[in-house]
Amino acid sequence: MEKPILVIMAAGMGSRYGGLKQIDPVGPGGQIILDYSVYDAHRAGFERVVFIIRPELETAFEAAIGRKARRFMQVDYAYQTLDRLPEGLRAPEGREKPLGTAHAVWCAKELTAGAPIAVINADDFYGADAFRKIYEYLSSAEDAPGRYRYCMVGYCVENTLTENGTVSRGVCTTDENGLLTGIVERTAISRRADGAIVCEADGELPACELAAGTLVSLNLWGFTPSFLPCLDEGLRRFFAEKLPANPMKGEYYLPFAVDELIEAGRATAKVLSTDARWFGVTYREDKPVVCAAIADMTARGDYPADL
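Under our numbering, the first residue of the sequence shown is numbered -1, with each subsequent residue one higher.
This is the structure in structure tokens:
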């Protein structure tokens, strides 16, 4: 079996934050969040990384992270563009927004064919424990007859919030074996002044509260090679059934693609839980918090100062 490949989704427009947040320095030596993700992934055993970007960002990404990552890993770039779609599909006329995280992963299919993949966001700090757990799973995962065996790293919702606004998370439910039974993408989760964690109403989803310890997805997924062909089918269904209702902004989310396969009985997803604290720059005001946390970890010796 081929060794797992790390796939990093970095083609988002960063509209809430402004600018190219994926290469904004947060470490004591000017490091970016991606430096820590690549470092942790390499320590876990990954030897190859594929960055999914917009074509116009390649020069900036290569200067900021690609050249450093090549010291440890093979580096490749995949491009998420609106014209990269399964044969016969076309993006809606006038659309500018990317088509979502599941489409982003599909855009890397030629570079990752035949290998298991771990998928992460470019602008989230996941922690070393998450990379160790997902690499270990993918190194031995094999699909069962008629059933694909995927995984995800689940975080306690209270460890994934920002004080500066709402966050989007896939809210998970699991069975007694730790397998994902459902995942609902909630686009506006926050902590109220009284400490309660709440989801705002979102389309057909009513407002609700989430208990501490509720597992959520931060788009840290592990897939066997069977997943990429499934995305061809999923994109076709999305274009036929979902996108017409919101042609300019509708997105095909990675959690939605996995949930479809689980509901159809075609896949399972083992939830690898972690108590790690998430750090991310969802809003510009988050940056000082992330910088302080990474400085503390560096002072403890978790990361070298000259990473």
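Cβ coordinates follow ideal geometry from the N, Cα and C atoms, glycine included.
Counting only the same chain and skipping the five closest in sequence on each side, list residues whose C-beta sits under 8 Å from that of residue i.
i: Asn217; result: Met7, Thr99, Val117, Ile118, Asn119, Asp122, Gly168, Leu252, Pro253
i: Glu258; result: Gly232, Arg235
i: Ala111; result: Pro223, Leu226
i: Asp230; result: Pro84, Trp104
i: Ser166; result: Glu183, Arg184, Thr185, Ala186, Ile187
i: Lys285; result: Asp22, Val24, Val279
i: Val288; result: Val24, Ile31, Phe123, Phe277, Gly278, Val279
i: Val155; result: Arg167, Val169, Ile187, Ile195, Leu208, Ala210, Gly211, Thr212, Leu213, Val214
i: Cys337; result: Residue 337 is absent from the structure shown; the chain starts at -1 and stops at 305.
Mind checking whether the beta-carbon of residue i lies closer than 8 Å to any heavy atom of the ligand ATP?
i: Ile260; result: What this structure holds is no ligand at all, so the ligand ATP is not there to describe.
On the criterion of 16 or more Cβ atoms from any shown chain inside 10 Å, does residue i qualify as buried, or is it exposed?
i: Gln78; result: buried
i: Lys66; result: buried
i: Ser138; result: exposed
i: Ala267; result: buried
i: Met(-1); result: exposed
i: Ala199; result: exposed
i: Thr171; result: exposed
i: Pro53; result: exposed
i: Pro2; result: buried
i: Ala262; result: exposed
i: Asp294; result: exposed
i: Gly64; result: buried
i: Gly333; result: Lying before the first or after the last residue shown, residue 333 is absent from the chain, which here runs from -1 to 305.
i: Gly125; result: buried
How many whole angstroms separate the CB atoms of residue i and residue j, which I take to be in contact at a CB cut-off of 8 Å?
i: Trp276; j: Asn162; result: Incorrect: roughly 14 Å between the Cβ atoms, too far for contact.
i: Arg46; j: Gln72; result: 4 Å
i: Val48; j: Ala106; result: 5 Å
i: Asp173; j: Thr164; result: The pair is not a contact, with the Cβ atoms about 29 Å apart (cut-off 8 Å).
i: Leu83; j: Tyr250; result: Not quite, the Cβ-Cβ distance comes to about 11 Å (not below 8 Å), so this is no contact.
i: Ala102; j: Ala9; result: 6 Å
i: Tyr135; j: Tyr301; result: Not confirmed; about 24 Å, so no contact.
i: Ile181; j: Ser215; result: 6 Å
Could you name the residues of the same chain whose beta carbon sits closer than 6 Å to that of residue i, not counting the 5 residues immediately before and after it, in chain order?
i: Ser188; result: Thr164
i: Leu109; result: Val48, Asp74, Ala76
i: Ala39; result: Leu4, Phe129
i: Ala42; result: Phe129, Arg130, Tyr133
i: Thr296; result: Pro26, Ala303
i: Phe70; result: His40
Below 7 Å CB to CB, which residues in the same chain sit around residue i once its five sequence neighbours on both sides are set aside?
i: Ala291; result: Phe277
i: Glu56; result: Tyr75
i: Gly201; result: none
Count Cβ pairs between the stretch 121 to 139 and the stretch 267 to 278 that sit closer than 8 Å; are there 3 or more?
Yes, the stretch 121 to 139 is in contact with the stretch 267 to 278.
Do the stretch 210 to 225 and the stretch 150 to 167 make contact, defined as three or more Cβ pairs closer than 8 Å?
Between the stretch 210 to 225 and the stretch 150 to 167, the count of C-beta pairs closer than 8 Å reaches three or more; the two stretches touch.
Pairing CB atoms from the stretch 238 to 250 with CB atoms from the stretch 193 to 211, are three or more of them under 8 Å?
Three or more beta-carbon pairs separated by less than 8 Å are not found between the stretch 238 to 250 and the stretch 193 to 211, which leaves the two stretches without contact.
Quick one: complete beta strand (DSSP E) runs, 3+ long, within the stretch 0 to 80?
Fully enclosed beta strand (DSSP E) runs of 3 or longer: 3 to 7, 46 to 51, 72 to 77.
In chain order, which continuous runs of the alpha helix (DSSP H) of length 4 or greater are located wholly inside the stretch 69 to 147?
99 to 104, 107 to 110, 126 to 138, all fully within the stretch 69 to 147.
Could you pull out every unbroken beta strand (DSSP E) segment of at least 3 residues lying fully inside the stretch 159 to 188, listed in chain order?
165 to 172
At which residue ranges does the stretch 228 to 268 contain complete alpha helix (DSSP H) runs of 4 or more residues, listed in the order of the chain?
252 to 261
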